[in-house]
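Per our numbering, residue 763 is the first one in the sequence shown, and the count goes up by one each step. Take a look at the structure below.
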Amino acid sequence: MFLLPRLRLLLARRPWLYWLCAATCATIAAGSVASARGAAADARDGWGDTREVWVTTADVATGAALLPERRSYPVAMVPPDAVASWPVPAVAAHPLAKGEVVVAGDLAGDRAVPSGWVAFLAPAASDSGWVVGTHTALFGTGSHLCDGVITAVPADAVEVAVPPSCAATVSMFAAGGELVLARTGP
């Protein structure tokens, strides 16, 4: 019952016991961490050869620009059609989850319109700097209509793909020459 006060008195009179206990705890913790790291390295080596692949860094919607990173995965986990070299810029052909290995079927291609979307041709200056995969906001008479993505850049125009929900509105403003594009992302 009076064990705690006695222990505090013992440690107050002999501080070397406190430091001995602290050093022992630190040694045990360091040993545990080293053991866990060694076990992880052994497990990683057990998979065999690895291959670098492109992996999504966030959830990606259809038509969005892909900005993946390279990671090293065991060969047994890599799909056979994984993208080997990155085509910059690249547009997602369908939704992708964070951490997915990017395969050839995930890319919409330079001139491909994302599945289910509608593409419009909008006039643009030839030196405007638009590139395929650029996210855009579409405006008509000062009102935000919807967001889209650039799918092609022919001479003096850009092809912008939009979701089907706003295609009719965008069509009306494009026909009237009142469609304005603004960059919203990469």
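Just so it is clear, CB atoms sit at the ideal spot from N, CA and C, and this is done for glycine as well. Bear in mind the structure is a predicted one, so any value in this text is a computation, not a measurement.
Ranking A785, P916, S834 by CA distance to the CA of A846 puts S834 first. DSSP places S797 in the uninterrupted alpha helix (DSSP H) bounded by 777 to 808. Taking 4 residues as the shortest admissible run, the region 859 to 904 contains no complete alpha helix (DSSP H) segment at all. Collapsing the DSSP output to three states places V915 in coil. Judged by DSSP in its simplified three-state form, T931 adopts helix. Taken through DSSP and simplified to helix, strand or coil, V837 comes out as helix. When beta bridges are read from the DSSP output, D821 appears opposite no residue.
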